[in-house]
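Here is the structure we will look at.
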Amino acid sequence: MSSSTVKSHYFRGLLMALPFVIVVMPFALLFGVVATEAGLPLSQVMGFSVLVVAGASQFAALQFMSDNAPVLVVLASALAVNLRMAMYSAAITPHLGGLSLRSRMLVSYFLFDQSYAMAHADFEATPHRSLAEKTAYFAGVTTPIAPLWFAFTYIGAIVGDLIPADIPLDFILPIAFLAMVAPALRTIAHIATAATSIIIALALFWVPLNLGLLIAAVIAMMVGAEIERRMA
Amino acid sequence: MNYTDAQIWGIIIALGIGTFLIRFSFLGLIGDRKLPDWVLRHLRYTPVAILPGLVAPLVLWPDATGGEVDPARLAAAATTVAVGYLTKGVVRAMLSGVAVLYGVQYLLG
C-alpha cells in the first residue's frame with residue numbers, strides 16, 4: 355500500500371467533511387455564548403468543549419446547571435444524551451477495531467455524530483479498503499470539524515461577554531435542542547418516542563431533582579424500541 | 406448557577422470521562438462481539454427520548470416569564486420543529502426559530 359493512496363483518502367475525508375463546517379460553527383459559537391452568559395469563566399467553557407466534545411450533552415449539562423440540579427442529576431442526564439454513541443462505537447469496531455490501543459483511544463475521542471456518520475457510510479460502501487486507508491479517511495473527516503468546534507467555542511465565549519444582558523438568550527437553548535431533534539423524527543417510532551418523552555416529562559414536572567425527565571426518557575426509549583420491534 | 410468551582414470542574418471532567426468511555430466501549434473493550442439487537446434498538450432512541458422532555462417545560466412554562474405561557478416562545482418552538490422536520494436542516498431550523506422569537510416579541514412589544 356503506497357502512502358500516496360493513504361494520503362488521498364485523508365484528503366477525500368477532509369473534503370467530504372467541509373459542508374458540515376456550516377453546522378458545527380454556529381453550534382460551537384452558541385455554546386460559547388450561552389455558557390458565558392450562564393456565568394462560566396472562559397477556562398470552564400473551553401473545558402467543556404475540549405474534554406467532552408459532544409454538543410447536545412454540553413447544552414444539556416448547562417441547562418441543568420442553570421436550574422441548580424444536583425451534580426449527579428446533571429451528569430446522568432448529560433450522559434444519557436450521549437448513550438447513542440455506544441452504538442457508533444459498536445458500528446465502527448468491525449472497521450477500525452484492528453488499530454493499536456492508543457489509536458483506538460484517539461478514534462474514540464473524535465467519534466462524534468458527523469465523523470461517525472460520514473466514516474461509517476464510507477466504510478460500508480467500500481469495505482475492501484485497508485485499515486490504513488480507512489483510518490486516513492476517518493482522520494480526514496475529523497480534521498476540519500474538531501478544531502473548529504474548539505475555536506468557535508472560544509470566539510463565542512469572548513463575544514458572549516459583549517452581548518448586553520437585556521437581550522433574551524434564555525430561549526436560544528430550547529430552540530437549539532428542538533432544531534437538533536426535529537430532523538431526527540424520521541419514523542413513527544421516533545415520533546412516538548418524542549411524544550412519550552414530552553407527555554411524561556410534563557406530567558412528572560413536580561418530581562424533585564429533575565428525576566421526572568430521566569423516568570420519561572427511559573419509558574420513551576422503551577416505547578420507541580417496542581414500536582420498532584413490532585413494525586419490523 | 407450555584408456551584409463551587411470544584412463542582413463545575415468535577416462535572417466537566419466526569420462528563421468528559423463518561424462520554425469518552427461510552428465512545429470507547431466497543432472499540433476498546435468489547436471488540437468484534439455483536440451487541441444484542443434489543444440493546445441497539447434502545448440506543449437508537451436515546452436523543453429523541455430525552456431532549457423533547459427536557460425542552461417541553463421550557464417551552465410551556467418559561468422561567469423568564471415567571472412560568473406564564475408566552476406566544477413568542479410557543480411560535481418560535483413550533484416554527485423550529487416544523488422547519489427542522491420538513492427540511493431536515495438543523496441550522497435552518499434554528500435560524501427560523503430565532504427569527505420568529507424576536508419577530509413576535511417585537512410585534513407584541
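Listed in order, the protein sequences are those of chains S and A. Every position in the first sequence, counted from 1, becomes a number in my numbering once 354 is added. Every position in the second sequence, counted from 1, becomes a number in my numbering once 405 is added. Using N, Cα and C, we set each Cβ at its ideal position, and we do this for glycine too. Everything numeric in this text was worked out from a predicted model, so none of it was measured.
With 16 or more other Cβ atoms from the protein chains shown falling within 10 Å of its own Cβ, Thr484(A) counts as buried.
When rounded, the separation of the alpha-carbon atoms in Tyr470(S) and Met439(S) is 9 Å. Closer than 8 Å to the CB of Pro476(A) there is not a single CB belonging to chain S. Residues of chain A whose Cβ lies closer than 7 Å to the Cβ of Glu582(S) are, in chain order, Arg446. In the structure shown, the three-state DSSP call for Gly494(A) is coil. Around the CB of Gly367(S), 16 or more other CB atoms lie within 10 Å, so the residue is classed as buried. Here Phe413(S) is near Ala530(S), since their CB atoms are less than 8 Å apart. Within the segment 472-500 of chain S, no residue has a Cβ lying closer than 7 Å to any Cβ of chain A.
Interface residue (Cβ-Cβ distance to chain S less than 8 Å): Thr409(A) is not classified as such. Comparing C-alpha distances from Val495(S) to each of Leu485(S), His482(S), Met472(S), Leu396(S) shows the shortest one belongs to Met472(S). The C-beta of Val399(S) has 16 or more other C-beta atoms within 10 Å across all chains shown, which makes the residue buried.
If you compare the alpha carbons of Leu502(S), Ala475(S), Tyr508(S) with that of Phe492(S), the shortest gap goes to Ala475(S). Counting C-beta pairs with one atom in each stretch, the segment 451-460 of chain A and the segment 557-576 of chain S have three or more that are closer than 8 Å, which means they touch.
Distance between Leu429(S) and Gly514(A), taken at the CA atoms: about 39 Å. Residue nearest to Arg458(S) within the set Gly458(A), Val460(A), Ile416(A), Arg428(A) is Arg428(A) (criterion: CA-CA distance).
Judged by their CB atoms, Leu532(S) and Lys488(S) are not nearer to each other than the 8 Å cut-off.
Under the 8 Å criterion on CB atoms, Thr547(S) is classed as interfacial with respect to chain A.
Three or more beta-carbon pairs separated by less than 8 Å link the segment 480-495 of chain A to the segment 532-552 of chain S, which places the two stretches in contact. Residue nearest to Glu478(S) within the set Leu567(S), Ser362(S), Ala445(S) is Ala445(S) (criterion: CA-CA distance).
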